[in-house]
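S.K.: Here the numbering used here is used: the first residue of the sequence shown is 146, the next is one more, and so on.
Just so you know, even glycine gets a beta-carbon here, dropped at the ideal spot from N, CA and C.
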Amino acid sequence: MASWSGWIAALLIVIAATLPLGFRLREGKRAPVGTPTVRAHVLLGLATSIATFVHTGLVLPELGSDAAVGAGGLAFAAGAFAFLVMIAHGGLGLGLRDPKRRDRAQQRRRHATTAVVLALIVLAHVVLLLRARHQG
Ligand code: HEM
Ligand code: HEM
146 MASWSGWIAA
156 LLIVIAATLP
166 LGFRLREGKR
176 APVGTPTVRA
186 HVLLGLATSI
196 ATFVHTGLVL
206 PELGSDAAVG
216 AGGLAFAAGA
226 FAFLVMIAHG
236 GLGLGLRDPK
246 RRDRAQQRRR
256 HATTAVVLAL
266 IVLAHVVLLL
276 RARHQG
């Protein structure tokens with residue numbers, strides 16, 4: 146059963162996103178780089194990446210199982226795509242730690258866009274898997 150590792154990864158995505166978004170809601174501005182909020186976000190973001198890598202590693206030996214194949218190609222493709230987006234998103238986030246970076250605004254927008262894409266794709270991955278499980 147690799148599904149628990151998927152739930153840990155999904156939960157960490159939500160928790161990681163809550164920090165910068167919560168700061169913005171509370172303070173009405175972005176959390177500056179170097180603040181405890183962003184530092185905690187970077188650590189949580191890295192933990193999130195590791196959790197998605199572990200989940201992917203754990204499902205690899207089970208890819209022939211009913212849980213994996215039974216949910217269909219779309220559930221599977223969503224997982225694989227989420228993995229790629231996670232790598233791009235983490236890379237963008239690591240670059241954002243430099244407050245003097247020239248193309249910061251653009252990189253930040255990309256980090257935010259890939260965060261939304263990641264959340265939506267993971268949602269699709271999970272909904273498709275759960276639906277297949279309840280039907281089967
Ligand atoms: C960002 C990355 C990912 C996240 C957050 C994620 C999330 C999840 C979650 C929450 C579940 C549990 C759903 C349930 O209880 O049925 C799950 C299950 C699963 N995921 Fe992912 N996933 C990711 C990437 C991947 C990738 C890359 C693959 C395949 C290469 C994959 C394949 C699977 C499979 C086969 C299951 C079913 C496992 C089982 O029920 O034993 N996932 N995933
Ligand atoms: C390797 C992992 C990660 C690193 C290194 C990282 C780094 C950063 C940094 C440095 C910022 C501050 C950007 C700025 O205002 O200048 C930021 C913002 C943000 N991050 Fe991450 N992050 C990571 C993962 C994640 C994850 C997993 C999510 C959730 C899906 C996420 C969502 C966000 C959001 C929504 C913002 C706010 C963007 C904005 O206000 O425009 N990040 N991240």
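Using the three-state DSSP reduction, which class does serine 210 fall into: helix, strand or coil?
M.R.: Along the sequence shown, one-based indexing puts residue 210 at 65. Coil, per DSSP.
S.K.: Ligand 1 and threonine 102: does the residue's C-beta get closer than 6 Å to at least one heavy atom of that ligand?
M.R.: Only positions 146 to 281 of the chain appear in this structure, which leaves residue 102 out of reach.
S.K.: So what's alanine 225 in DSSP terms, helix, strand or just coil?
M.R.: Here the question's residue 225 lines up with position 80 in the sequence shown. Alanine 225 falls in the helix class under three-state DSSP.
S.K.: Would DSSP call threonine 180 helix, strand or coil?
M.R.: Residue mapping note: residue 180 aligns to position 35 of the sequence shown, counting from 1. Looking at threonine 180 - three-state DSSP - the assignment turns out to be coil, as it is neither helix nor strand.
S.K.: For valine 204, which residues of its own chain have a beta-carbon under 7 Å away from its beta-carbon, when the five flanking residues on both sides are left out?
M.R.: Residue mapping note: residue 204 aligns to position 59 of the sequence shown, counting from 1. So the list reads Ala147 and Ala213, once near-sequence residues are dropped.
S.K.: For alanine 154, I'd like the list of residues in its chain whose CB is within less than 6 Å of its CB, leaving aside the five on either flank, ordered along the chain.
M.R.: Taking the first residue of the sequence shown as position 1, residue 154 is located at position 9. For alanine 154, where only same-chain residues beyond five positions count, the Cβ hits under 6 Å are Ala196, Thr197 and His200.
S.K.: Closer than 6 Å: is that where the CB of valine 214 sits relative to any heavy atom of ligand 1?
M.R.: On the sequence shown, residue 214 is found 69 positions in, with the first residue counted as 1. Because no heavy atom of ligand 1 lies under 6 Å away, the Cβ of valine 214 does not count as near it: no.
S.K.: Could you check where the alpha helix (DSSP H) with alanine 155 kicks off and where it finishes?
M.R.: Here residue 155 corresponds to residue number 10 of the sequence shown, with the count starting at 1. Residues 148-172.
S.K.: Tell me the rounded alpha-carbon separation between valine 271 and proline 177.
M.R.: For this step, residue 271 is matched to residue 126 along the sequence shown. For this step, residue 177 is matched to residue 32 along the sequence shown. Whole-angstrom Cα-Cα distance: 33 Å.
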